[in-house]
Each structure stands twice: as C-alpha cells, then as structure tokens.
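Heads up: take any position in the sequence shown, counting from 1, add 2, and you land on our numbering. Note that CB positions come from ideal geometry on N, CA and C, so glycine has one too. The model shown is predicted, which means the values in this text are computed figures rather than measured ones.
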Amino acid sequence: MIPSKFGQFIKQDERFFQTLQQLQQSTLEILIQVSLLFFLVWYLIANFLGESVNLPQLSVSLIPAVLGSWWASRLLARRLGVALTIWMAGLIVLMGLSGYFFQRPDLLLFLLPLPMIGALIIEWWYGALVIAVLMAETWLLGNALPPGSSSTVYLQVILLGGGIGVTAGWAVSRSLLVASSWAMEGYHKAQTEMEEARKNRLELKQTQDELLHANTELSRLTERLKILYQVAEEARQVKEQFVANVSHELRTPLNMIISFSEMIMNSPRSYGVDLPPDLMADIAAIQRNSRHLSKLVNDVLSLSQIEAGRMGLTRAWASLTEIVDEAVTAVGALYKSKKLYLETDLPQDLPDVFCDSTRVRQVVLNLLSNAGRFTEKGGVSIKATQDAEFIIISVADTGPGISADHQDKVFQPFQQLDGLVQRRYGGSGLGLSISKNFVELHGGKMWFESEDGVGTTFYFSLPIIEPVKMDYSSGGAKRWFNPYQSYEVRGPRFAEHPAVVPRYVVLEDSEVLTQLIERFITQVEVCRVRKVEDAIAELDRSPAQALLINEAAITSNDDLTKKISDLPYGTPVISCWLASDDDVAHRLGATRYLVKPIDRERLLRTIAEMGDEIQTILIVDDHPEALQLFARMLHNSDKNYRVLQANNARRALDLLNTRKPDLLLLDLIMPEMDGFQLLQEKRVNPGIKDIPTIIISSQDPSGEPVVTDAIRVRRSDGLSVRELLTCIQAFSEILMPSAQPVDQE
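In structure tokens:
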C-alpha cells in the first residue's frame with residue numbers, strides 16, 4: 003500500500019501515516035458511493051426502457067456488486083486492502099454477468115479504470131493483478147459466448163488500457179509520496195527549527211528577565227553611586243574649604259604668637275622693664291614650639307595640595323651636592339647634641355639635576371631629621387650613586403629599625419610606629435608622606451630597607467635629564483692654540499637634534515600666569531611680554547603653541563582684539579583672567595594685599611612704599627590680639643605712627659569719616675559686616691574713597707581652588723569642523739562635572 007522506498011520514512015511519523023490511511027479510506031469510500039449511485043441510475047434507466055432490457059438478469063448482475071459495495075464499506079475502516087478487493091470483485095462479477103446475459107463483451111471495458119485505482123490506492127503490483135483478472139474474465143466470457151464474438155480485441159484493449167492506467171497510477175502515487183516525503187522532511191525541519199526557536203525564545207526571555215533584573219540592580223547601584231559621588235564631592239569641597247580657611251583659622255593665632263614672642267625676644271626693652279632670664283627662656287620655648295606648629299600647618303597644607311593635584315614644582319638646574327650640604331648644615335646641631343656622626347659620600351662628578359631645589363632639600367632634610375631623632379647611638383650616612391637614568395640618594399641610620407608589622411604604614415600620613423615612639427621621638431607623621439609625594443612629582447620614587455634592631459636605609463631617586471654638552475675629546479679647536487697638537491683623523495660629526503618643547507608667549511604685566519605655567523607644566527618654554535606689539539614680534543620671530551593673555555594683568559587693553567586678529571602662523575589666542583595679590587587688591591578697591599603671617603619688617607616696608615606722608619594708620623581686625631600685635635609693630639618703628647584701632651567694620655567707618663587716617667590696614671574676614679562690605683561702602687563715599695588701603699588677611703587668593711571662571715579661545719584663520727568638534731570633545735571631557743547632585747526624596 004505504501005512504496006517500499008518511502009514507507010520506512012513515512013511510518014516513522016505516526017501522524018502522517020494515519021493521515022495517509024485516512025486519505026486512502028476517504029477516497030475508496032467516495033468510489034463505493036459513486037458506484038452505488040451508478041448501480042441505481044443503471045437500474046432506473048433499465049426500468050424506464052421496459053421491454054428492451056431484461057430486468058431479472060440485470061438484478062441478478064447487480065446483486066453481487068451491491069453486496070460487495072456494502073461489505074466493502076463495512077470493512078473500510080479496519081481492512082482497507084480487503085475492502086478494495088471485495089468492491090472490485092463485485093464490479094468484476096457485475097460486468098461479467100452483464101456481458102454474458104446481454105451478449106455484450108464490450109461492457110468489460112467499463113472496468114479499465116480499476117487497475118489504475120488499485121495502483122493508486124495499493125501499489126503497482128495490485129493494478130497488474132487486476133489486469134490479469136480482467137483478461138482472464140474477458141477470455142472466459144469470449145469462450146462462453148456464441149461463436150463469432152471475438153474477445154481478442156478486448157483482451158488487447160484491456161491489456162493496453164490497464165497497463166497505461168497502472169503506469170499512470172504508479173507514477174502519480176510515487177510523485178505524491180515523494181512530494182509528501184519532501185513535505186514531511188520540511189515539516190520535520192521546520193518543527194525542529196521551531197523547537198529551537200522556542201527554546202531560544204525561552205532563553206532570550208530568561209536573558210531578558212535577567213537583564214531587566216540586572217538593569218534594576220544597576221539603576222539602584224547607579225543611584226547609590228551618585229549619592230556616594232555627591233558625598234565625595236562634598237567631602238572634597240569641605241577639604242578645599244579647609245585648605246582655603248586653615249590659614250585664617252590657624253595661621254592668625256600662630257602669627258600673633260610667633261610675632262609677639264619674636265618682638266619680646268628681639269626688643270625686650272620696648273616694654274619698659276628688664277625681663278628675667280627665666281621668662282626669656284620660656285618665651286623662647288613658646289616661639290620654638292609655635293614655629294614647630296606653624297611647620298606642621300604648612301605640612302598639612304602641602305599634603306592637601308598634593309592630594310588635590312595643585313602642588314607645582316619650580317624646576318631649575320641645581321647641584322645635588324649643594325642641596326645635601328645645606329640639609330646637613332641645617333641638622334648639624336641636632337646630631338652634635340646627640341653625639342651622632344653624620345657622614346656624606348657624594349661623588350665629585352655627580353651631575354646637576356633639573357628639579358625644585360627647595361622641595362628636594364626638604365626631602366633630604368626630612369630624612370636626616372627622622373634618622374637623627376630615631377637614632378640614639380652611632381650615626382647616619384648619606385650616599386649618592388648614579389646609573390643610566392637616575393641618581394639614587396640613600397640615608398642609612400643605626401637606629402632601632404622598623405618592624406615588619408609597621409613597614410606598610412611608613413608612608414601613610416599621620417602614622418607613627420607606636421604610641422611610645424611618638425611620645426619619645428616626637429614628629430607629626432607627615433614628613434615621609436610629603437617627601438614621597440615630592441619625589442614622585444619629580445618622576446622618581448622612594449623606598450626603604452629596614453631590619454628590626456639594626457637600622458633603616460631610605461632611598462629616593464631623581465631622573466637625570468642630560469643638558470646639552472660640547473664634546474672636545476677629539477682635540478678640535480685646541481690645535482689652533484697648540485701647534486704641536488697632533489692631528490687625528492675623524493669622521494664627520496653632526497649636532498644632535500635638540501628636543502623641541504612647547505613654546506608659549508604670555509601677555510601680562512605681572513608674572514602670575516607665567517609662574518603658574520613654569521611651576522605646573524614641565525618641559526615648556528615661556529616668553530613673557532608686556533605689550534601686544536612685543537607679543538606679535540615674538541610670534542613673528544619664532545612660532546609658538548599659543549598666545550596666552552592674562553586679561554587681569556594688562557594695563558592697556560585698547561584695540562587688543564583688533565591687534566591680535568591676524569597673528570603670524572595663525573597662532574591661536576587663549577585668554578583667561580588670573581589675578582595676582584595686587585590685582586585682587588585693586589579689584590577690591592585696595593592698594594596692596596598682604597597674606598598672614600606678616601612679619602614686622604615686611605609690614606613696615608610695605609607702609610614705607612606708600613609714601614612719607616603716612617602718619618595716622620587705622621587698623622581694623624576682629625581679633626583683639628591682632629590689633630595689639632600690629633599696633634605694637636607700628637609703635638616700635640622709627641616713624642612714630644599714630645595708630646587707631648577698630649574691632650569691627652562699623653566702628654572703622656566711623657573712624658574713617660571722623661578722623662580721616664592716612665592709611666587703612668584692613669582684615670577681610672569679620673563677623674556681621676566684613677571687609678568686603680567695608681571696601682564697598684568706602685568706594686561710594688567721596689570723603690574717604692581716596693584713603694589708601696592695605697589688606698591684611700589670612701586668605702591667600704593664589705591658593706583658592708577656583709582661580710578663573712572663564713577661558714576664551716580664538717584663532718584668526720578660523721576652525722574647521724573637525725577642529726571645532728575636537729575642541730568641544732576635549733573641553734567637555736576636561737570640564738565635565740565630577741559629580742552631579744542627586745535629588746533625594
């Protein structure tokens with residue numbers, strides 16, 4: 003019933019096999035119903051013709067066909083092949099009896115479709131079997147009929163027609179089964195892909211759920227991170243505010259303590275009595291400890307500036323031998339008092355280093371001071387060695403050493419070995435941390451080696467930057483001065499290409515921007531000019547990266563934009579506002595700006611620069627001790643100044659209007675009405691606005707976190723789209739806020 007070539011494949015799919023059987027059953031059922039209808043129509047037509055048709059013979063012929071059709075319909079659902087055989091047998095008997103009764107062998111030709119039906123429903127061999135049965139029936143019928151009824155022609159027709167029908171049925175069934183097998187293969191493939199797609203969709207859904215969960219967690223973490231950023235930003239701002247205000251909160255009282263003690267030590271007779279030696283010794287101790295506390299404050303400020311990235315270096319070529327000798331001289335008294343040796347071993351050919359000599363001297367001084375304080379017996383040795391890239395300085399002591407438990411804390415700020423050591427040896431715990439940062443700012447590194455109970459050796463390295471040297475090894479010009487100098491054959495020599503560093507032309511009257519660039523930017527050439535014409539001439543002489551204009555430090559600004567509209571080589575112009583101390587004073591309406599602590603000589607020298615007509619001076623400060631200190635400084639001068647004092651801005655305004663002093667010494671930070679408001683009131687009052695003012699404040703304007711709030715860039719030949727976008731991207735990345743405020747509900 004199913005071709006052997008495809009039967010195994012089709013039977014592997016039970017649903018398709020059942021569907022194919024149902025199709026065969028429904029086809030046979032339709033054929034049985036059509037044949038029964040044909041029997042009925044045939045009988046009715048024969049009954050209508052009447053005498054020309056023998057109805058009893060026809061009835062006898064139809065009985066086997068009708069019974070076969072009924073029986074076949076009963077077996078159709080269970081035995082398809084048996085049902086088909088019974089139905090065809092009924093039809094064959096019907097046509098055989100009809101041909102015999104009516105002497106019509108041609109009626110057998112109506113059975114020609116049966117072989118094709120058998121081949122379609124069952125198989126080609128079934129159709130061939132039907133042909134054989136039909137040919138046998140035709141032969142038997144031909145022998146049963148009277149002579150003269152030849153069956154040879156009918157045999158040939160049945161053989162030919164049946165063969166064609168079997169062939170057509172087999173071909174059609176095979177094509178249908180092949181198409182069905184292809185369809186089933188595609189169906190199975192589609193089903194497999196659908197299952198994979200369903201599985202992938204499930205995995206995708208799971209992944210989507212996981213991503214949704216991850217995004218939720220990420221959003222939650224992002225919110226927390228924003229809050230933490232805000233907290234960090236607030237902490238940074240508090241720290242910067244501390245750095246900005248610490249001078250006012252700490253330096254003001256320290257300034258008074260140090261200045262008063264210095265005046266007592268230097269001019270004890272100014273108090274009208276002779277001070278006893280014990281009191282002078284106590285005052286000397288006060289002064290010594292105050293200076294130590296002042297140094298501690300400066301160390302804290304230096305460390306804060308380093309951590310904030312605002313500590314710069316003023317580099318110059320310096321002799322490392324001289325720096326070490328100066329540090330050794332400074333600590334000599336300490337070592338002599340403790341009877342410790344201090345040995346130096348520095349090579350004679352030690353090259354100069356390009357460094358900030360003040361910071362390097364502080365590093366050496368910190369190491370020697372620490373070694374001297376911690377060493378009780380023996381002494382300290384300082385050595386210098388050189389390799390291809392670095393000069394390495396070592397400071398070795400014979401002190402107690404550092405235990406392994408404390409070695410990881412040595413370079414941490416405010417760290418001591420333990421409480422006992424802190425009480426015994428003193429110190430703030432900041433020296434090594436600051437020294438390490440200073441060395442790293444120079445591009446070097448600091449480390450140490452220590453053995454508990456034996457001693458400690460600290461090392462730090464500084465990079466060697468080779469200066470340009472002339473090579474006279476081949477005699478050269480010596481031959482012109484010595485006629486007996488032997489001639490040496492030598493090949494051509496070429497000068498080394500000098501390293502090209504960025505060059506900037508700075509237009510300003512002061513040196514604020516110039517010093518800032520030289521301090522914070524290494525390997526740069528800066529040329530400062532005071533006039534626009536000089537800047538253009540410098541750019542014409544040698545190209546520069548940019549023309550930098552400090553608008554706060556330009557006396558004449560007439561036609562500045564017009565003059566810089568066509569600079570040589572299309573040099574860009576970068577403008578900013580960076581004020582010096584005196585610029586800040588002028589902007590506030592004052593003459594000079596002095597930052598505390600202010601010693602006596604500096605104060606008197608600044609007042610003397612104001613002119614000889616200064617006789618009456620008004621001091622304004624909310625601290626009574628500060629008023630007393632500055633008044634004492636002025637009273638002890640040779641000018642015999644008349645001093646007026648005011649502890650608030652309101653009282654100062656009254657004195658300015660009534661007494662008309664020649665000079666105003668003004669502190670800025672005061673409660674209620676501060677110095678800024680006083681200067682504003684003074685500026686709008688014609689009677690007192692011309693009185694010169696010297697600001698005496700603990701706030702250092704150069705140490706503020708924000709030094710300018712605007713920067714402008716201009717280029718005479720314009721910017722291309724690419725350059726514009728690059729500038730936008732660079733500025734946005736540099737100036738991007740470090741933290742955004744978070745709205746908390």
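Counting Cβ pairs, one atom from each stretch, are 3 or more of them under 8 Å apart for the stretch 623-643 and the stretch 589-596?
Verdict: no, contact absent.
Answer yes or no: do G92 and V68 have a C-beta to C-beta separation smaller than 9 Å?
For the purposes of this step, residue 92 is taken as residue 90 along the sequence shown, with counting starting at 1. For the purposes of this step, residue 68 is taken as residue 66 along the sequence shown, with counting starting at 1. Contact flag set, yes.
Short check: CB of R293 to CB of L336, under 9 Å?
Sequence index remark: in the sequence shown, residue 293 carries index 291 (1-based). Sequence index remark: in the sequence shown, residue 336 carries index 334 (1-based). Their beta carbons are not under 9 Å apart, which means R293 does not touch L336 by this criterion.
Entirely within the stretch 553-639 and at least 4 residues each: give me those alpha helix (DSSP H) ranges in chain order.
Qualifying alpha helix (DSSP H) stretches, in chain order: 562-565, 583-590, 602-611 and 626-637.
Would the beta-carbon of A554 fall within 9 Å of that of L509?
Position 552 of the sequence shown, counting from 1, holds the residue named residue 554. Position 507 of the sequence shown, counting from 1, holds the residue named residue 509. Not a contact, by the Cβ cut-off of 9 Å.
Can you tell me where the alpha helix (DSSP H) holding Y337 begins and where it ends?
Translated into the one-based positions of the sequence shown, residue 337 becomes position 335. Residues G334 to S339.
Please classify Q364 as buried or exposed, where buried requires at least 16 other C-beta atoms within 10 Å of its C-beta.
Along the sequence shown, one-based indexing puts residue 364 at 362. Under this definition Q364 is a buried residue.
Assign Y474 to one of two classes, buried (16 or more other C-beta atoms within 10 Å of its C-beta) or exposed (fewer than that).
By one-based count along the sequence shown, residue 474 stands at place 472. For Y474, the predicted structure reports a pLDDT of 40, less than 50, and the residue's modelled location is therefore unreliable. A value from the coordinates is still provided. Exposed.
Flag this pair as yes or no: are the beta carbons of L315 and L443 separated by less than 9 Å?
Position 313 of the sequence shown, counted from the start, is the residue given in the question as residue 315. Position 441 of the sequence shown, counted from the start, is the residue given in the question as residue 443. Yes; because the gap between Cβ atoms is below 9 Å, this pair is in contact.
At least one CB of chain D closer than 9 Å to the CB of Q388: is that the case?
In the structure shown, chain D cannot be found, because there is only a single protein chain.
For K385, report the span of its beta strand (DSSP E) as first-last.
Sequence index remark: in the sequence shown, residue 385 carries index 383 (1-based). Looking at the DSSP string, the run of the beta strand (DSSP E) that includes K385 is G381 to Q388.
Cα-Cα, which of W319, V355, Q289 and V382 is closest to V333?
As a first step, residue 333 is located in the sequence shown; it is residue number 331 there, counting from the start. The option with the nearest alpha carbon to V333 is V382.
Give a yes or no on contact between the stretch 350-366 and the stretch 320-331, applying the rule of three or more CB pairs nearer than 8 Å.
Taking 8 Å as the limit for Cβ pairs, the verdict is that the stretch 320-331 does touch the stretch 350-366.
Can you give the Cα-Cα distance for D583 and L668, rounded to whole angstroms?
For the purposes of this step, residue 583 is taken as the residue at position 581 of the sequence shown. For the purposes of this step, residue 668 is taken as the residue at position 666 of the sequence shown. C-alpha separation (whole angstroms): 15 Å.
Does DSSP put D454 in a helix, in a strand, or in coil?
Looking up residue 454 in the sequence shown gives position 452. Residue state, collapsed to three classes: coil.
Need the endpoints of the alpha helix (DSSP H) that A373 sits in, please.
Here the question's residue 373 lines up with position 371 in the sequence shown. First-last of the alpha helix (DSSP H) with A373: S359 to F376.
Measuring alpha carbon to alpha carbon, tell me which of P694, N659 and S700 ends up nearest N687.
Taking the first residue of the sequence shown as 1, we reach residue 687 at position 685. Of P694, N659 and S700, the residue nearest in Cα terms is N659.
Just how far apart, CA to CA, sit T458 and W449?
Translated into positions along the sequence shown, residue 458 becomes position 456. Translated into positions along the sequence shown, residue 449 becomes position 447. Spanning the two alpha carbons is a distance of roughly 11 Å.
When the Cα of I696 is compared with those of A633, V597 and M738, which residue comes out closest?
Sequence index remark: in the sequence shown, residue 696 carries index 694 (1-based). Nearest C-alpha to I696: V597.
Tell me A648's beta-bridge partners as DSSP assigns them.
Against the sequence shown, residue 648 aligns to sequence position 646. Beta-bridge pairing links A648 to V622.
Would you mind sorting P469 into buried or exposed? The rule is 16 or more other CB atoms within 10 Å of its CB.
Translated into the one-based positions of the sequence shown, residue 469 becomes position 467. Because P469 carries a pLDDT of 49, less than 50, the predicted location of this residue cannot be relied on, and the following value inherits that uncertainty. Exposed: under 16 other Cβ atoms inside 10 Å.
Pick helix, strand or coil for P115, following the three-state DSSP scheme.
Taking the first residue of the sequence shown as 1, we reach residue 115 at position 113. In the structure shown, P115 sits in a helix (DSSP, three-state: H, G or I).
So, at 8 Å on beta carbons, what are the nonlocal neighbours of L665 in its own chain, with the 5 sequence-adjacent residues on each side left out?
Indexing the sequence shown from 1 puts residue 665 at position 663. Here the set comprises I609, M612, I616, T618, I619, L620, I693, P694, T695 and I696.
What's the call for R425, buried or exposed, on a 16-neighbour Cβ count within 10 Å?
Translated into positions along the sequence shown, residue 425 becomes position 423. With a pLDDT of only 41 at R425, under the threshold of 50, the placement of this residue in the model should not be trusted; the figure read from the coordinates follows. Exposed is the call here.
Taking the alpha carbon of V366 as the reference point, which residue from R661, S437, D656 and K338 has its own alpha carbon closest?
Indexing the sequence shown from 1 puts residue 366 at position 364. For V366, the nearest C-alpha among the options comes from S437.
Mark M196 as exposed unless 16 or more other C-beta atoms lie within 10 angstroms of its C-beta, in which case mark it buried.
Within the sequence shown, the letter at position 194 stands for residue 196. It is exposed - the Cβ of M196 has fewer than 16 other Cβ atoms within 10 Å.
Does DSSP put T728 in a helix, a strand or coil?
The sequence position of residue 728 within the sequence shown is 726, counting from 1. T728: helix per DSSP, three-state reduction.
For D420, which residues in the same chain have their Cβ closer than 7 Å to its Cβ, ignoring the five residues on either side in sequence?
What you label residue 420 is simply residue 418 of the sequence shown in a count that begins at 1. Low confidence applies here, because D420 scores a pLDDT of 45, under 50, leaving its location unreliable and the question unanswered by this model.
Is K331 helix, strand or coil by DSSP?
Numbered from its first residue, the sequence shown carries residue 331 at position 329. According to the sequence shown, residue 331 is Thr rather than Lys. Reduced to three states, the DSSP call for T331 is helix.
Would you give the residue range spanned by the beta strand (DSSP E) that V534 belongs to?
The sequence position of residue 534 within the sequence shown is 532, counting from 1. Note, V534: premise wrong, no beta strand (DSSP E); alpha helix (DSSP H) at V534 to R543.
Within the same chain, show all residues whose beta-carbon is closer than 7 Å to that of A329, passing over the 5 residues directly before and after it, in chain order.
Position 327 of the sequence shown holds residue 329. Closer than 7 Å at the Cβ level, and outside the excluded window around A329, lie R363, V366, L367 and L370.
Leaving out five residues before and five after L348 in sequence, what residues of the same chain have Cβ atoms less than 7 Å from its Cβ?
Indexing the sequence shown from 1 puts residue 348 at position 346. Excluding positions up to five away in sequence, the list reads T323, V326 and A386.
Just to confirm, are D719 and I671 a CB contact at a threshold of 9 Å?
Counting from one through the sequence shown, the residue named residue 719 turns up at place 717. Counting from one through the sequence shown, the residue named residue 671 turns up at place 669. No.
Can you give me the Cβ contacts of Y427 inside the same chain, cut-off strictly under 7 Å, excluding the 5 residues immediately before and after it?
Along the sequence shown, read from residue 1 onward, the residue named residue 427 stands at position 425. Note that Y427 scores 47 on pLDDT, short of 50, meaning its location in the model is unreliable and no value can be drawn from it.
Secondary structure at A548, three-state DSSP: helix, strand or coil?
Translated into positions along the sequence shown, residue 548 becomes position 546. Residue state, collapsed to three classes: strand.
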